[in-house]
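> This structure is in structure tokens; I'll ask about it shortly.
Protein chains in written order, with the working numbering: chain G, 6 to 269; chain B, 6 to 269; chain D, 6 to 269; chain E, 6 to 269; chain H, 6 to 269.
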């Protein structure tokens with residue numbers, strides 16, 4: 006394993022070449038991130054005690070392995086990474102993976118956990134969801150639909166938050182109509198934050214112990230806080246049995262950035 | 006332990022011979038998987054940190070031990086294996102064992118955990134259930150009975166999900182009639198998914214902290230998700246006190262396939 | 006520690022002599038198991054990772070220590086052992102100890118945990134109860150009393166189940182009369198299983214976080230399952246706040262049998 | 006560290022001299038244990054795996070360190086010790102410390118945990134309370150007050166039980182009058198056990214997650230059980246949200262006795 | 006790493022020079038601690054077993070690293086430290102960090118956890134909140150506003166308590182008016198303790214699993230206890246779903262004082 010002594014320059018070169026090989030078309034990634042019928046897995050890990058004892062060169066070699074595993078699977082699945090350390094309990098890094106088949110995500114995570122890098126990790130939590138066509142939006146008034154189509158503010162949204170939600174049995178027992186009415190109120194409450202807080206919804210029922218995974222990106226955490234506060238005030242919130250536990254708060258990072266931080 | 010240096014060819018030969026010796030009649034297995042009065046145990050394990058540090062040859066030797074233990078007990082009990090890693094929290098592999106006597110299952114798991122392979126494992130969870138004749142089906146209309154008898158779609162169903170359920174005290178306090186009426190509604194909601202999602206029910210009351218273990222196999226996880234969502238909308242769901250916690254999601258794998266994945 | 010190399014023959018001789026010295030009159034044991042005013046402690050342990058790494062001779066030496074500790078304390082207290090491994094989560098062996106004074110049980114468990122064998126153990130759970138004269142039976146009809154006096158079927162009852170129970174505040178707030186009426190219904194529901202499932206009740210209030218520990222022995226787990234199901238259908242069950250968590254399911258084993266299994 | 010080879014005679018001599026230096030007036034201790042406005046901390050510890058591997062001489066040296074830490078702090082605070090091992094889950098020893106300032110208790114526990122002995126310990130739980138003048142007693146009838154003043158039976162009370170309690174929001178929302186009426190009923194239910202079960206009450210609100218810590222000493226555990234059962238039957242119990250979790254059951258031991266037991 | 010043998014004099018010199026370089030204007034710190042729109046993170050850690058095994062010189066070297074990390078980040082963020090050991094479960098030290106951007110706090114904690122010192126730590130818990138302008142105070146009567154502006158008693162307030170709070174869905178569903186009325190009652194109940202217990206409020210909704218983090222400083226723990234008891238008696242408390250779990254109780258300490266205590 007000659008890379009172990011390669012130092013920083015060597016690793017950058019290697020990384021650059023992997024990136025070149027490992028890319029899959031940006032349009033494929035875009036489709037996975039916007040299409041319905043796509044599976045999204047959130048897998049959070051913490052480092053075990055061994056990691057802390059590794060010296061710099063060994064760390065770099067292990068991070069090269071991480072790079073390789075991620076790049077290899079990026080040919081089929083969309084992988085995003087987040088730094089949770091310092092902001093979330095008992096978790097250091099988070100992977101968000103999108104694919105048409107859950108098996109492909111499993112293959113990625115099995116490869117990751119079985120790799121020399123993965124042996125430094127403990128699973129902090131794994132959650133799954135499915136993207137679906139909007140359930141209630143078709144019945145919303147046209148102006149609300151238009152508002153929902155407005156693009157969010159451009160620019161980086163460094164903060165990411167993952168909040169799993171479980172609804173009560175009473176919620177599911179309601180007819181579609183009262184549920185739609187409550188979701189309209191929910192959406193109205195959320196609209197003022199539409200530009201600064203990006204949201205994505207995953208349906209989890211049966212795939213894990215949640216009903217939904219809600220995912221947020223923002224550069225203004227205060228707006229995100231105000232959004233959640235507004236959502237706790239609408240009637241639909243009273244049908245929520247579990248909100249968070251855990252909430253994962255972190256910062257979105259490119260693979261290279263994660264590697265750079267972890268290398269230190 | 007000469008096998009430790011035998012490499013991949015050696016292990017394959019060994020494995021093939023064990024397989025030949027270890028078989029028990031497919032018809033016996035079929036009976037265990039369909040008869041009432043059979044005990045089913047779900048035992049999930051994760052690997053401890055030692056496993057990650059084993060080198061390839063040692064791993065192969067240990068996996069040979071796993072193979073031996075499973076084959077030996079397959080003479081009396083039906084054993085299925087699932088890869089949970091990457092899809093479930095804190096569990097890597099799941100064994101589902103069916104036998105006429107729980108003692109035989111205990112003997113298998115004691116041998117497994119006490120083996121050189123088992124010393125690499127931590128118990129992630131153990132649940133037990135008993136298969137019984139359908140409780141409510143005899144009272145269902147004939148066309149519903151016919152629908153329930155329709156075979157599920159042929160072909161592999163790679164995904165498996167295990168969901169333990171505990172009913173509320175109010176459920177058990179109901180008379181048989183209102184419970185049967187609700188189970189009819191439950192069954193009607195499930196019928197559209199009958200062909201693509203295979204179900205099996207285990208009765209757990211007293212054997213562990215659940216009342217039921219529900220087991221699902223499918224190739225279409227989206228259909229499975231829709232099935233569970235449909236079941237959360239019927240009245241009977243309101244009598245559910247615990248649903249999941251944990252939900253184990255994994256992929257069904259043959260013993261050889263498990264060994265191949267774990268050998269890497 | 007010469008015994009470490011003594012092998013199987015040596016251990017059997019040693020064991021036989023300890024047994025001879027360590028016996029206390031069977032009638033004393035019988036009294037402890039049937040009298041009111043006796044304390045019963047259920048202490049479950051799992052093995053730590055060290056145990057798995059011990060070689061055969063070391064294991065046998067350590068099991069000899071176990072044997073010695075148990076035999077020594079059997080002069081004063083009644084000790085039963087159960088193999089939980091493979092059937093219960095996170096616990097491998099269970100001791101049930103009966104004594105007139107809890108201090109004697111503490112002395113046994115302190116000696117056990119402090120012994121060379123005990124250093125291989127982690128505490129999985131400890132629960133205590135007190136045997137008392139039947140509270141409601143004196144008011145039952147004579148034929149029910151007669152039925153309760155019928156001896157259970159002879160023969161081994163290899164399976165043992167321990168279920169802790171906590172009643173709600175509402176239960177304790179009831180007058181004796183309605184509680185007695187509900188316990189009569191409870192007892193009627195249980196009677197059909199009287200012959201195949203042996204029961205023993207321990208009162209726990211204040212001694213641990215439960216109100217009762219219910220202990221069952223059977224050779225027919227299916228009957229035990231039906232019994233618990235029947236008990237969940239009576240009105241008294243609605244006053245149960247905690248049922249199980251954990252349920253310990255295992256098989257009753259003699260000390261020698263436990264040693265033989267653990268030696269492997 | 007010459008003491009490491011001193012053996013049993015040496016340790017006893019050392020211990021005797023520490024005791025002589027470390028005493029503070031018995032009257033001070035008595036005041037701390039009876040005055041209002043005193044802080045009481047319950048700190049339970051279990052031994053880590055290292056402890057089990059220490060040889061006898063090392064253990065004795067470490068226990069000498071324990072002795073030194075306790076004696077040094079006994080000049081300012083009252084320290085009692087209990088053996089929980091064998092009777093309580095996941096805890097081996099319990100310290101009860103009384104002082105006028107919590108900082109003095111922190112100093113003791115920081116010294117303890119930072120000592121060579123403390124490095125063998127894991128924290129099992131820490132709870133704090135404050136002693137206060139009786140809240141409801143002044144309004145009780147005179148004969149009840151007299152009964153409460155009766156001394157408890159003389160003689161050792163070897164068993165100690167610690168039960169934390171949290172009341173519901175409804176309890177605190179009640180006016181003083183109905184609360185006093187319920188506490189009168191509570192006290193009446195407890196009076197029959199006044200002589201054989203000694204009680205002490207600590208107010209915890211804000212200091213930890215409980216509202217009260219109730220502490221009991223008895224030589225008759227059966228009476229203690231009957232007392233708690235009686236207290237669960239009065240109306241005030243229905244305003245209890247948490248009772249125990251954990252309950253710590255142990256035996257009161259002098260420092261020398263603890264050292265003797267742990268030395269083995 | 007020559008400092009490893011420098012002993013106590015050397016470390017003090019080094020510390021003094023770091024302090025001189027690392028200061029940022031006291032006014033900036035004051036603003037962070039009083040302005041609205043500031044993020045506050047509470048990060049509690051316990052030491053792992055390795056720490057206990059380090060010798061004095063190594064400890065001092067590691068504590069110098071802690072000093073360096075804290076001083077470096079004090080240029081941008083306000084960092085306070087607390088000793089939890091002996092007073093709180095499973096946590097030894099607590100950092101409270103205030104910054105205008107959560108990213109700066111993450112950078113500090115990532116640096117801390119990744120440092121040679123941080124490798125001795127396990128995360129015990131991380132919570133975040135946002136300071137905001139008072140929500141209900143503007144509607145309070147003028148005399149109450151004046152009372153709230155009274156400065157708290159001068160002098161050190163060594164004890165610090167952190168209590169996270171989650172309100173029920175019913176609370177958020179209330180209109181502003183009834184909530185304001187209840188908060189007025191809440192504030193009236195708290196006023197008598199205004200001078201001896203300093204309070205600070207952080208809004209957490211969405212940032213972690215709480216709605217609020219309440220932070221208290223006092224030299225009179227008994228007053229703090231009385232304050233919380235008073236707050237549990239007002240109507241608003243009935244809308245509290247979670248109060249504490251954990252409550253962190255500790256003593257405020259300067260960085261040098263923490264280092265001195267941990268060096269021992």
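Note that CB positions come from ideal geometry on N, CA and C, so glycine has one too.
Are the C-beta atoms of residue 99(G) and some chain H residue less than 8 Å apart?
Taking the first chain and counting its residues from 1, the one referred to as residue 99(G) is at position 94. By this cut-off, residue 99(G) is not an interface position.
> Straight-line CA distance for residue 102(D) to residue 263(D)?
Along the third chain, one-based indexing puts residue 102(D) at 97. Along the third chain, one-based indexing puts residue 263(D) at 258. Roughly 16 Å between the two C-alpha positions.
> Is it right to say residue 26(G) is buried, meaning 16 or more other beta carbons lie within 10 angstroms of its own, or is it exposed?
On the first chain, residue 26(G) is found 21 positions in, with the first residue counted as 1. Residue placement at residue 26(G) cannot be trusted, given a pLDDT of 43 that sits under 50; what the coordinates show is reported in the next sentence. Flag for residue 26(G) reads exposed.
> Counting along the chain, where does the beta strand (DSSP E) carrying residue 178(B) start and finish?
In the second chain, residue 178(B) corresponds to position 173, counting from 1. Counting along the chain, residue 178(B) falls outside any beta strand (DSSP E), though it belongs to the alpha helix (DSSP H) covering 174-178.
> Note down, in chain order, each residue of its chain lying with its Cβ closer than 7 Å to the Cβ of residue 118(E), except the 5 sequence neighbours on either side.
In the fourth chain, the residue the question calls residue 118(E) occupies position 113. 126.
> On the DSSP letters alone, give me the boundaries of the beta strand (DSSP E) that residue 123(D) sits inside.
As a position in the third chain, residue 123(D) is number 118, starting the count at 1. Run containing residue 123(D): none; DSSP gives neither H nor E here.
> Note down, in chain order, every chain G residue with its Cβ under 7 Å from the Cβ of residue 177(H).
One-based indexing of the fifth chain puts residue 177(H) at position 172. What residue 177(H) touches in chain G: 237, 238 and 242.
> In the DSSP output, what is residue 191(H) paired with across the bridge?
Against the fifth chain, residue 191(H) aligns to sequence position 186. According to DSSP, which records beta bridges pairwise, residue 191(H) is partnered with nothing at all.
> If we require 4 or more residues per run, which alpha helix (DSSP H) segments fall completely within the segment 65-129 of chain H?
107-119, all fully within the segment 65-129 of chain H.
> Could you pull out every unbroken beta strand (DSSP E) segment of at least 3 residues lying fully inside the segment 187-259 of chain G, listed in chain order?
Runs of the beta strand (DSSP E) inside the segment 187-259 of chain G: 202-208, 217-223, 245-248 and 253-258.
> When DSSP labels each residue in this structure, what does residue 171(E) get in the three-state scheme?
Reading the fourth chain from its first residue, position 166 is the one you call residue 171(E). If DSSP states are grouped into helix, strand and coil, residue 171(E) belongs with the strands.
> Tell me, please, whether the CB atom of residue 27(B) is closer than 8 Å to any CB atom in chain G?
Within the second chain, residue 27(B) is the residue found at index 22, counting from 1. Its pLDDT being 45, under 50, residue 27(B) is placed unreliably in this model, and the value from its coordinates should be taken loosely. It does not: the Cβ of residue 27(B) has no partner Cβ on chain G nearer than 8 Å.
> Determine, using beta carbons only, whether residue 111(B) comes closer than 8 Å to chain D.
Within the second chain, residue 111(B) is the residue found at index 106, counting from 1. Judged by the 8 Å Cβ criterion, residue 111(B) is in contact with chain D.
> If contact means a Cβ-Cβ distance below 8 Å, which residues of the segment 144-178 of chain E contact chain H?
Listed by position, the residues of the segment 144-178 of chain E near chain H (Cβ gap below 8 Å) are 174, 175, 177 and 178.
> Along the chain, where does the alpha helix (DSSP H) containing residue 57(G) start, and where does it finish?
Within the first chain, residue 57(G) is the residue found at index 52, counting from 1. 54-58 is the span of the alpha helix (DSSP H), which, as asked, contains residue 57(G).
> Taking the C-alpha atoms as reference points, what is the distance between residue 112(D) and residue 100(E)?
Within the third chain, residue 112(D) is the residue found at index 107, counting from 1. Within the fourth chain, residue 100(E) is the residue found at index 95, counting from 1. Near 20 Å, if we compare the C-alpha coordinates of residue 100(E) and residue 112(D).
> Nearest by alpha-carbon distance to residue 194(B): which of 86(B), 68(B), 236(B) and 73(B) is it?
In the second chain, the residue the question calls residue 194(B) occupies position 189. Answer by Cα proximity: 236(B).
> Under a three-way DSSP split, which group does residue 269(H) fall into?
Taking the first residue of the fifth chain as position 1, residue 269(H) is located at position 264. Looking at residue 269(H) - three-state DSSP - the assignment turns out to be coil, as it is neither helix nor strand.
> Determine whether the Cβ of residue 124(B) lies closer than 8 Å to any Cβ atom of chain D.
Here residue 124(B) refers to the residue found at position 119 when the second chain is read from its first residue. Yes, because at least one Cβ of chain D sits closer than 8 Å to the Cβ of residue 124(B).
> Leaving out five residues before and five after residue 46(D) in sequence, what residues of the same chain have Cβ atoms less than 6 Å from its Cβ?
Your numbering for residue 46(D) matches position 41 in the third chain. Excluding sequence neighbours, residue 46(D) sits near 102, 110 and 133.
> Quick check on DSSP: helix, strand or coil for residue 166(B)?
Taking the first residue of the second chain as 1, we reach residue 166(B) at position 161. Looking at residue 166(B) - three-state DSSP - the assignment turns out to be strand.
> Starting from the Cα of residue 137(D), find the closest Cα among 261(D), 161(D), 233(D) and 209(D) and give me that residue.
Translated into the one-based positions of the third chain, residue 137(D) becomes position 132. With distances taken between Cα atoms, residue 137(D) lies closest to 209(D).
> Would you mind giving the Cβ-Cβ distance between residue 116(H) and residue 70(H), rounded to the nearest angstrom? I have them listed as a contact below 8 Å.
One-based indexing of the fifth chain puts residue 116(H) at position 111. One-based indexing of the fifth chain puts residue 70(H) at position 65. Not really, about 10 Å apart at Cβ, beyond 8 Å.
> Please classify residue 32(D): does DSSP put it in a helix, a strand, or coil?
Counting from 1 along the third chain, the entry for residue 32(D) is found at position 27. Helix, per DSSP.
> Residue 157(B) and residue 205(B) - do their beta-carbons sit closer together than 8 Å?
Sequence index remark: in the second chain, residue 205(B) carries index 200 (1-based). Sequence index remark: in the second chain, residue 157(B) carries index 152 (1-based). Cβ distance not < 8 Å, so residue 205(B) and residue 157(B) don't count as in contact.
> Just mark residue 91(G) as buried or exposed, buried being the case when its beta carbon has 16 or more other beta carbons within 10 Å.
Counted from its first residue, the first chain places residue 91(G) at position 86. The residue in question, residue 91(G), is buried, as its Cβ has 16 or more Cβ neighbours within 10 Å.
> With the cut-off set at 8 Å, would you say residue 257(E) and residue 87(E) are in Cβ contact?
Within the fourth chain, residue 257(E) is the residue found at index 252, counting from 1. Within the fourth chain, residue 87(E) is the residue found at index 82, counting from 1. Yes; because the gap between Cβ atoms is below 8 Å, this pair is in contact.
> Are residue 224(G) and residue 160(G) close, meaning C-beta to C-beta below 8 Å?
Along the first chain, read from residue 1 onward, the residue named residue 224(G) stands at position 219. Along the first chain, read from residue 1 onward, the residue named residue 160(G) stands at position 155. Against a cut-off of 8 Å, the Cβ pair of residue 160(G) and residue 224(G) comes out as a contact.
> Do you know offhand how far residue 259(H)'s Cα is from residue 34(H)'s?
Along the fifth chain, one-based indexing puts residue 259(H) at 254. Along the fifth chain, one-based indexing puts residue 34(H) at 29. Computed Cα separation, rounded: 15 Å.
> In terms of residues, what are the limits of the alpha helix (DSSP H) holding residue 156(E)?
Residue mapping note: residue 156(E) aligns to position 151 of the fourth chain, counting from 1. It is not in any alpha helix (DSSP H) - residue 156(E) carries neither H nor E in the DSSP assignment.
> Going by Cα to Cα distance, which pick from 191(H), 247(H), 234(H) and 229(H) is closest to residue 216(H)?
By 1-based counting over the fifth chain, the position of residue 216(H) is 211. Of the candidates 191(H), 247(H), 234(H) and 229(H), the one whose C-alpha sits nearest the C-alpha of residue 216(H) is 247(H).
> In the DSSP assignment, what residue or residues form a beta bridge with residue 139(B)?
Within the second chain, numbered from 1, the residue matching residue 139(B) stands at position 134. Beta-bridge pairing links residue 139(B) to no other residue.
> Exposed or buried, residue 78(H), counting other C-beta atoms within 10 Å across all chains shown (16 or more means buried)?
Position 73 of the fifth chain holds residue 78(H). So residue 78(H) ends up on the buried side.
> Please go through the same chain and pick out, in chain order, the residues whose beta-carbon is closer than 6 Å to the beta-carbon of residue 51(G), but skip the five residues on each side of it.
Within the first chain, numbered from 1, the residue matching residue 51(G) stands at position 46. Taken in chain order, the residues that qualify are 95, 96, 97, 127 and 129.
> Is it buried or exposed, residue 155(E), if we count other Cβ atoms within 10 angstroms and call 16 or more buried?
To locate residue 155(E), count along the fourth chain from 1; it is residue 150. Classification for residue 155(E): exposed.
> Could you work out which residues of chain B lie near residue 108(G), taking near to mean beta carbons separated by less than 7 Å?
Here residue 108(G) corresponds to residue number 103 of the first chain, with the count starting at 1. Residues of chain B passing the Cβ test: 163 and 256.
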